[in-house]
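Reading through the C-alpha cells given below for one structure.
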Amino acid sequence: MSESPLTGTRRWAASPRGGGLLALAAVIALLPLVLGNNYFYEIAILVALNAIVCVGLNLLIGYAGQISLGHAGFFALGGYGSAILSGSYGWPSWLSMPASCAAVGVLAFVVGRPTLRLKGHYLAMATLGLGVIVSIVLSTEDRITGGPDGMSVPPLALFGWALHGEHTWYWIAGAALLLAVWLALNLIESPVGRALRALHGSEIAAETVGIASARYKLKVFVISAVFAAVAGAMTAHYAGFITPVKASFMHSVELVIMVVFGGMASVFGAVVGAAVLTTLPQLLTVLKDYEMMVFGAVLIATMVFFPQGIVPTMARWLARARR
Amino acid sequence: MDSQWLQYVASGLTAGAIYALVALGFSIIYNASRAINFAQGEFVMIGGMSAVTLVGAGLPLWAAVPLAVLAAVAVGLLLEKIAIEPARKADTVTLIIITIGASLLLRGLAQLLWDKRVHSLPAFSGDKPLHFMGATVLPQSLWVLGGAGLAVAALSWFFGRTLFGKAMLATSYNPLAAQLVGISTRKVLFVSFGLAAGLGALGGVLIAPIAFTSYDSGIMLGLKGFAAAMLGGLGSFSGAVLGGLLLGLAEGLGAGFVSSAYKDAIAFVIILAVLFFMPGGLLGARRSDRV
Amino acid sequence: MSLLAVENVSKAFGGVLAIEGVSFDIEPGAVHSIIGPNGAGKTTLLNMLTGIYVPDAGSIRLDGRELRGEPTHRFAAAGIGRTFQNLQVFFNMSALQNVMTGRHLRERCSLFAAMLRTPALTRAEASCLEVARGLLRRVGLAEYEHAASDAMPYGALKRLEIARALAAEPQVLLLDEPAAGLNQTEAREINVLIKSLAAEGTTVILVEHNMKLVMDVSDHVLVLDHGRKLAEGTPAAIASNPLVIEAYLGVDDDPKTPAASPPEGISALLGRPGEGGAWHA
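What follows is the structure in C-alpha cells.
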C-alpha cells in the first residue's frame, strides 16, 4: 500500500529537510530581484562558495565531532590545481576542475589516515600544521604557483564558451550550493550519517555496534576536503586569480568560525554562518579595522553562550516558544 | 665553514630561547587545564609592542621592560576571567575555538591600539656585534639567552620551593586529588594564565630588538612555541626548554645549510612528525587511554 | 563445540594483574552470569570479550574463530554485542535513531548511495525504521518511539541500549550491569526481558551485582575473585559453594560459632524475594 507520488512529495516538502531545500532554492531564485548592482552579486557568489566549504566542514566538525584547522589548504589546492592544469597545461576547465578535486580527495585520504588517529588538540594542531605547510609550499614554489603574488586563472569554459560575469556565476554558484546541501542532507539521513553522528555521540559505543571509527572519520574527512576543493576551484575560475593567502591559517580559522557560529550539527546552520560572516565584513567596510576584533569577540561569545551555534539554538528557542 | 656553522648555531639558539619561553607558557596552561592556549603567541606580541610604546613615551628601558611584561600579565589574567573561566567545563573543540577567538580579539585590539607597522626596540646594551670564535653574535642575543635562563631558573624555584608552585604541580598531576586537599584549581588556572603571559611577554621584549615586532608577530611565534612544547613533551618544563632550543637549532641549521625559503616550514614538519610518531614528545610520558 | 570459548586470558595494567588465567565456555541459548566482588575484574573481562582491551595472553574464540587482537568493531561484526554500565547512549540522536544505528552491520550502504539517496536506499531506510520500531516495542519502549534520547529516564535508557545492541542481531549479547541504578520494579522488568530474550534463543552474558536477578535468570554462573575464576556452575551450586561464601562473607575462625547452613548464609547475601541483599548495587 504505497501512497501517491503527490502525497509523498507534499510530505517531503513539509519535512525539515525538504522544506529547507525548497526554501533555499526559493531564496536563490528570488534573490536577484533584490540584488542591485554587480557588487551585491559578487557578495552572493562568495557566500555561496564559502557555504559549500562550510557544509562540508560542518559534516566533519558538527556531525562527526572532529576538527580541522587546515581546511583552507584543501580549498587552495583545489583552486591551484585547476589553475595550473588549465592555465599552464592547457587542459579545458571542465576537465581540470574535477581532476584537481579528485587529486585533493586522494591527498586527503593519504594524509587523513595518520592524522585522524589523533584526537582533540592533537588533531587540531596536526591539521593546522598541514594547512600551513601547504600555504608555505604554495608561496615558495613560485615557478609553478607564481609565488606569494599568486597566479592568474583562465575562466571556466564549457563547450568553448567562457563563462564569466557576475550574473552567470550567480546561477552556477547557486546551483552548486543547492547540490552540495542536497548531498549533505542525504548523507546525514543515511546509515553513513548515523555512523558519523554515533562517532560524535560515543565513539566506543559506535565501535561496539560495528562502526569502524577510523574508516568513517576518514570518509567524512575526504568528503569535506573535496567540498572545499570544489569551492576553491570555482572561486579560482570565478575570480580569475588565486594567491597563497587562500591556504592561510587565518582562512582556515574563518571557515571554522562560520561553521561554529552558524550551527554545529546543522547543514542550514553552516549556510547561514557562511552567509552572515561573509556578508557583514563586506557591507561594513567602514568597520574594516574592527573586523578581526569583532570576529574574535563573536567567536568567544558564541562558544560561551551558544555552544551549539546560532541556528540550532534559535531552532530550540522556537520549539520551546511553540509549546 | 666552521664559523658559519657557529653562526647558525648562535642565531638558532637565540630564537630557540624565545621558543622555549613560549613553550613554557603553553605547558603551564596545559598542565592547569589540559587546554591548548592558541592566544599564547599574542602575549609575546603584547610584550614587544607595549615595550615599544613605553619606550616611545620616554621611559627608560629598565622601566619599560618590566612594565610591558606586567601589562601582558594583566591581559592574560583578564582573558582567563572573561573567556576561559566561563567555559571551563566545555569540551576540547569548544576550548580550542575560544582560545582562537581570544587570539583574534587580542590581535584585533592590537591593530587598533597600535598600528600595522613593524616596530623595533633599541638593543639593551648596544648594537656592536661581538666576535666569538669566528662567529658574529649580537649582544642582544646574550640578553635573550640570559633573560630566558633567568626566567627558567626563577620558574623552577617557584615550582620547586614555593607552596603555591607545588600546588600548581599537584594540580597538573591530578586535578581531582588536588581539589580534595584544598587546592583551588580555579586559582591555579588563573595564575597559570598570568605566568604564561609573563613568560611570553618577556620573550617578546627580549627578541624585539633583533626580530622586530608588529601586531601580527604573535601568530608564528605562538605556533612555533607550540611545536617546541610538543617536541619536548607537552606539560614537561624541561621538555619545553629542550624543545625550544632544539627547534631553534633545527631552524637555524636548516635555513643555513638546506633552504632558507622553507625555514618556517621546519617547525610545522616537526609538529607533524611528533604528532604522528611520538605524541608524548621527547620527555613527555607515554600515555595509554584508560577506558 | 561451545559458542564462545575463553581460554586462559590474562590482562595486567602496569603492575596490577586484573585478570589471570580465566577460562570458561559459553553455551548457545543460555544465560550466563559473571559475578564477583568489586575489583574482581568483571569489567576488564567484559572489555576483553568485546575487543576494547586486548588480552596479554590467552584466546577468545567465537564459533571456533580466534578474535583476540581484533579491533572492537570486528568483535561486533563477528556477532558480539554489548550494553554499557555507564550509559553510552548516542545522546545526539533520537531513540529510534539510536536503535537504527545499531543496525549498522546489517545495512550495507555505500557513500554514493548515501549521498544520492537512491530508491534502493530509501526502501532500506524504511525497513530499517520498521525494524527499529519493532525493537523498541520488544524491550518495552513503545511509548518512546518519538522521543529524543536525552529526554528519556534512566531506566528507559538502559533498555534503549539493549534495543540498540539487539539491532545488530548478535549471537552473543553482553549486558554490563543492566539493573544498576534501577528500582525493584524496573529490575524485575529487566529480569523478564532477559528471560524472554533467552527463550528466543539469544545467548546472554550478564555481569551483575543484583544477586536476586542473577540467581533467578541464569542458567550458569561464573564467580570471579581477585582476577581469577573462583567457581562456576548452576546458581544453586554456586549458592552452596563454601569458597564463594568465604569470598563474600569471610571465614569464621571461631570453632564455637555454629556454622550457618549454606542456604541460610547465602540468603543473607542474596536477599529473600523482595529484598536487596548485601551487595545489591
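Residue numbers (this note's numbering), protein chains in the order written: chain C, 31 to 353; chain B, 70 to 360; chain V, 213 to 493.
For glycine and all other residues, C-beta sits at the position ideal for the given N, C-alpha and C.
Just so it is clear, the structure is predicted and the values come from calculations on it, not from any experiment.
Going by DSSP in three states, C/Asp172 sits in which element: helix, strand or coil?
Helix.
Kindly indicate which residue of B/Ala143, B/Val124 and B/Ala126 has the alpha-carbon position closest to the one of B/Gly269.
The shortest C-alpha separation from B/Gly269 is found at B/Ala143.
Below 9 Å on C-beta distance, what does C/Thr170 contact in chain B?
Correct list: Ser328, Ala330, Tyr331 and Ala334.
Of the choices B/Leu318, B/Gly234 and B/Lys332, whose alpha-carbon is the least far from that of B/Leu82?
Residue B/Leu318 is the option with its Cα nearest to B/Leu82.
Shorter than 8 Å from the beta carbon of C/Tyr268 to some beta carbon of chain B?
C/Tyr268 does not count as touching chain B.
When the Cβ atoms of the stretch 259–269 of chain C are set against those of the stretch 130–148 of chain C, are three or more pairs found closer than 8 Å?
With a cut-off of 8 Å, the stretch 130–148 of chain C and the stretch 259–269 of chain C count as touching, because enough Cβ pairs lie within range.
Taking CB distances under 8 Å as the criterion, tell me whether V/Met312 reaches chain C.
Closer than 8 Å: yes.
Run through DSSP, which three-state label would V/Gly314 get?
Note: V/Gly314 maps to helix in three-state DSSP.
By how many angstroms is the C-alpha of V/Leu261 removed from the C-alpha of V/Leu216?
Their backbone Cα atoms lie some 9 Å apart in a straight line.
Would you please state the rounded distance, in angstroms, between the beta carbons of B/Ala236 and B/Val257? I believe it to be under 8 Å.
Going by Cβ atoms, the distance from B/Ala236 to B/Val257 rounds to 7 Å, so yes, they are a contact pair.
How should B/Phe95 be labelled, buried or exposed, when 16 other C-beta atoms within 10 angstroms of its C-beta is the threshold for buried?
Buried, by the Cβ-count rule.
Please determine if the stretch 321–333 of chain V and the stretch 382–392 of chain V are in contact, where contact requires at least 3 C-beta pairs separated by less than 8 Å.
No, they do not touch.
If you check the beta carbons only, do V/Asp165 and V/Phe296 fall under 8 Å apart?
The structure shown does not extend to residue 165 of chain V, since chain V spans only 213 to 493, so no value can be given for it.
Relative to the C-alpha of B/Lys197, which residue among B/Pro208, B/Ala324, B/Val187 and B/Arg230 is closest?
Comparing Cα positions, the closest option is B/Pro208.
How many angstroms separate the CA atom of V/Glu458 from the CA atom of V/Pro267?
The alpha-carbon atoms of V/Glu458 and V/Pro267 are separated by roughly 29 Å.
Name the residues in the stretch 133–154 of chain C whose C-beta lies less than 7 Å from a C-beta of chain V; which are they?
From the stretch 133–154 of chain C, no residue has a Cβ closer than 7 Å to chain V.
Taking the straight line between their C-alpha atoms, what separation do you get for V/Val433 and C/Val283?
Looking at the two C-alpha atoms, the distance is approximately 56 Å.
Between B/Gly302 and the rest of its own chain, which residues show a CB-CB distance below 7 Å, the 5 nearest in sequence each way excluded?
Only Gly308, Gly349, Gly350, Leu351, Leu352 and Gly353 meet the Cβ criterion.
Judging by CA-CA distance, which residue of B/Ala101, B/Val113, B/Val310 and B/Ala141 is the nearest neighbour of B/Phe281?
When only C-alpha atoms are compared, the closest one is B/Val113.
From the beta carbon of C/Thr330, is the nearest beta carbon of chain B less than 8 Å away?
In the sequence under discussion, the amino acid at residue 330 of chain C is Ile, which differs from the Thr named in the question. Yes, because at least one Cβ of chain B sits closer than 8 Å to the Cβ of C/Ile330.
Along the beta strand (DSSP E) that carries V/Leu428, what are the first and last residues, could you check?
The identity of residue 428 of chain V in the sequence shown is Asp, whereas the question assumes Leu. First-last for V/Asp428: Met423 to Val429, but that is the alpha helix (DSSP H), not the beta strand (DSSP E).
Going along the chain, which residues of the stretch 235–259 of chain C sit with their C-beta nearer than 7 Å to a C-beta in chain V?
If the cut-off is 7 Å between Cβ atoms, the stretch 235–259 of chain C has Ala235, Glu237, Thr238, Val239, Gly240, Ile241, Ala242 and Lys249 near chain V.
Taking only beta carbons into account, state which residues of the stretch 294–325 of chain C come closer than 8 Å to chain B, listed in chain order.
Answer set for the stretch 294–325 of chain C: Asp319, Tyr320, Glu321, Met322, Met323, Val324 and Phe325.
Report all residues from its chain with a CB closer than 6 Å to the CB of V/Arg440; omit the five preceding and five following residues, and keep chain order.
Cβ within range, chain order: Glu232.
What is the C-beta distance between B/Leu275 and B/Val138, in whole angstroms, given that I count them as a contact (C-beta under 8 Å)?
Their Cβ separation, rounded to whole angstroms, is 10 Å, which puts B/Leu275 and B/Val138 out of contact at 8 Å.
If you count every other CB in all the chains shown that lies within 10 Å of the CB of V/Thr255, and 16 or more means buried, which is it?
Flag for V/Thr255 reads buried.
Could you tell me the alpha carbon to alpha carbon distance between C/Val290 and C/Gly240, rounded to whole angstroms?
Those two C-alpha atoms are separated by around 30 Å.
Could you tell me which of C/Asn67, C/Trp121, C/Ser254 and C/Leu52 sits nearest to C/Gly195, measuring between CA atoms?
Closest by alpha carbon: C/Asn67.
Cα-Cα, which of V/Val228, V/Lys223 and V/Gly241 is closest to V/Ser235?
With distances taken between Cα atoms, V/Ser235 lies closest to V/Lys223.
So for C/Trp199, helix, strand or coil by DSSP?
If DSSP states are grouped into helix, strand and coil, C/Trp199 belongs with the helices.
Who are the near neighbours of V/Leu229 in its chain, counting only those whose CB is closer than 6 Å to its CB and skipping five residues on each side?
The residues are Gly439.
Can you tell me which of V/Ala338, V/Ser245, V/Gly241 and V/Val221 puts its alpha carbon nearest to the alpha carbon of V/Glu445?
Residue identity check: residue 445 of chain V is Gly in the sequence provided, not Glu. For the residues V/Ala338, V/Ser245, V/Gly241 and V/Val221, the minimum Cα distance to V/Gly445 belongs to V/Ser245.
I want to verify the contact list: residues of chain C whose CB lies under 9 Å from the CB of B/Ala171, in sequence order.
Simply Gly326, Leu329 and Ile330.
When the Cα atoms are used, what is the spatial distance from B/Leu290 to B/Ala297?
So the alpha carbons of these two residues sit roughly 10 Å apart.
Is the CB-CB distance between C/Ile340 and C/Val286 below 8 Å?
Their beta carbons are not under 8 Å apart, which means C/Ile340 does not touch C/Val286 by this criterion.
For chain C, is any of its Cβ atoms less than 8 Å away from the one on V/Gly293?
Yes, contact with chain C.
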